[in-house]
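Residue 77 is where the sequence shown starts when you use the numbering used here, and the numbers rise one by one after that. Ideal Cβ positions, reconstructed from N, Cα and C, are used throughout, including at glycine.
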Amino acid sequence: MVNVLRIKIVKFYTPLNMDKFLGRKDSSSRTDDEEPSTSVTKNLKKVVKRKYDEDYIKYGFSWCGDETAPRPQSIICGDQLSNESMVPSKLKRHLYSSHPSYANKDKQYFKRCLEQNKKQKKFMKSAVTVSEKALEASYHVAKLIARQKKPHTVGETLIKPACMEIVRHMLELNEVKEVNKVSLSADTVKRRIHDMSSDIFGTLIKKLLSAEKFALQIDETTDIKNKAQLIAIVRFVDEDFINFVRRFQSELPVKKFFE
Numbered sequence: 077m078v079n080v081l082r083i084k085i086v087k088f089y090t091p092l093n094m095d096k097f098l099g100r101k102d103s104s105s106r107t108d109d110e111e112p113s114t115s116v117t118k119n120l121k122k123v124v125k126r127k128y129d130e131d132y133i134k135y136g137f138s139w140c141g142d143e144t145a146p147r148p149q150s151i152i153c154g155d156q157l158s159n160e161s162m163v164p165s166k167l168k169r170h171l172y173s174s175h176p177s178y179a180n181k182d183k184q185y186f187k188r189c190l191e192q193n194k195k196q197k198k199f200m201k202s203a204v205t206v207s208e209k210a211l212e213a214s215y216h217v218a219k220l221i222a223r224q225k226k227p228h229t230v231g232e233t234l235i236k237p238a239c240m241e242i243v244r245h246m247l248e249l250n251e252v253k254e255v256n257k258v259s260l261s262a263d264t265v266k267r268r269i270h271d272m273s274s275d276i277f278g279t280l281i282k283k284l285l286s287a288e289k290f291a292l293q294i295d296e297t298t299d300i301k302n303k304a305q306l307i308a309i310v311r312f313v314d315e316d317f318i319n320f321v322r323r324f325q326s327e328l329p330v331k332k333f334f335e
């Protein structure tokens with residue numbers, strides 16, 4: 077019984093070959109003439125970056141993206157293909173399969189279409205720029221109206237006509253058209269003031285949350301119509317300056333006032 081037990085112990089403690097777990101190869105089993113396998117390097121294909129040829133425009137294609145690896149872009153539909161598709165056969169296949177009615181067009185036709193597309197992009201870019209400037213000007217004028225406590229209708233009835241007259245006499249007629257794009261109707265001015273008020277209130281809340289200490293005082297009063305008004309006064313330090321902010325509740329219901 078003892079001999080059998082010893083045999084089992086010897087079997088369990090047989091040294092393990094760790095080379096197979098570590099991915100090592102047995103150097104003794106390889107002859108001197110053997111060399112490492114190069115099948116992986118042979119299978120790797122070199123990526124070829126194709127260039128755009130001006131003659132490809134006859135297939136209705138221009139190019140976009142990086143100059144080192146341009147992508148063909150259809151002049152007709154604007155679809156962008158991969159750089160690997162920058163070959164006449166694939167460009168021609170896209171033209172005949174997607175746009176068969178343009179298959180017989182010549183190079184001059186596609187050149188005219190390309191120039192027209194460029195002009196449209198330039199016009200759209202300038203239109204967006206003008207609209208952004210007009211929007212910014214509308215906010216600035218609404219801010220002036222709110223500071224002076226003037227009626228919202230003054231923007232459309234006085235400020236805008238006055239600006240157009242000044243520009244008409246001082247500058248060219250095209251500049252007057254640009255000024256006319258600024259929206260200053262009563263509803264627009266009201267929305268601009270509301271947007272700025274909401275933004276200021278949100279900024280104030282963020283500053284109060286980030287401040288270490290702030291003082292808050294609540295007071296109530298009545299206006300000339302005997303309606304309850306709530307006033308909130310807050311003081312806090314912002315960048316070494318003590319700020320003072322007042323917030324008015326235009327009208328407070330009686331139920332909430334006593335609560």
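Item: Residues near Arg126 by beta carbon distance below 6 Å, same chain, minus five either side; Value: Asn159, Met162
Item: CA-to-CA distance, Ser286 to Lys194, given in whole angstroms; Value: 49 Å
Item: Those residues which DSSP pairs with Arg244 across a bridge; Value: The partner list for Arg244 (beta bridge, DSSP) is empty, contrary to what the question assumes.
Item: Touch test, the region 262-271 against the region 219-230, Cβ-Cβ under 8 Å, three pairs minimum; Value: yes
Item: Cutoff 7 Å; reference His228; Cβ partners in own chain excluding five residues on either side; Value: Ile221, Ala262, Val265, Lys266
Item: Buried versus exposed call for Ile151 [16 or more other C-beta atoms within 10 Å across all chains shown]; Value: buried
Item: Separation of Ser274 from Pro237, as counted between CA atoms; Value: 29 Å
Item: Of the listed residues Val243, Ala218, Ile242, nearest to Val231 (C-alpha basis); Value: Before going further, note that residue 231 is Gly rather than Val in the sequence given. With distances taken between Cα atoms, Gly231 lies closest to Ala218.
Item: Reference Tyr359; option with closest CA among Val124, Gly278, Lys166; Value: Outside the displayed range of the chain (77 to 335) lies residue 359, so it cannot be described from this structure.
Item: Minimum Cβ-Cβ distance from Gln293 to chain D less than 7 Å; Value: Protein chains in the displayed structure number just one, and chain D is not present.
Item: Nearest residue (CA-CA) to Thr138, options Glu191, Val313, Met246, Leu249; Value: The amino acid at residue 138 is misidentified as Thr; the sequence shows Ser. Among Glu191, Val313, Met246, Leu249, the Cα nearest to that of Ser138 belongs to Glu191.
Item: Between the CA atoms of Pro164 and Gln156 - distance to the nearest angstrom; Value: 15 Å
Item: Residues near Val243 in its chain [Cβ-Cβ closer than 6 Å; skip 5 each side]; Value: Glu251, Val252, Val255
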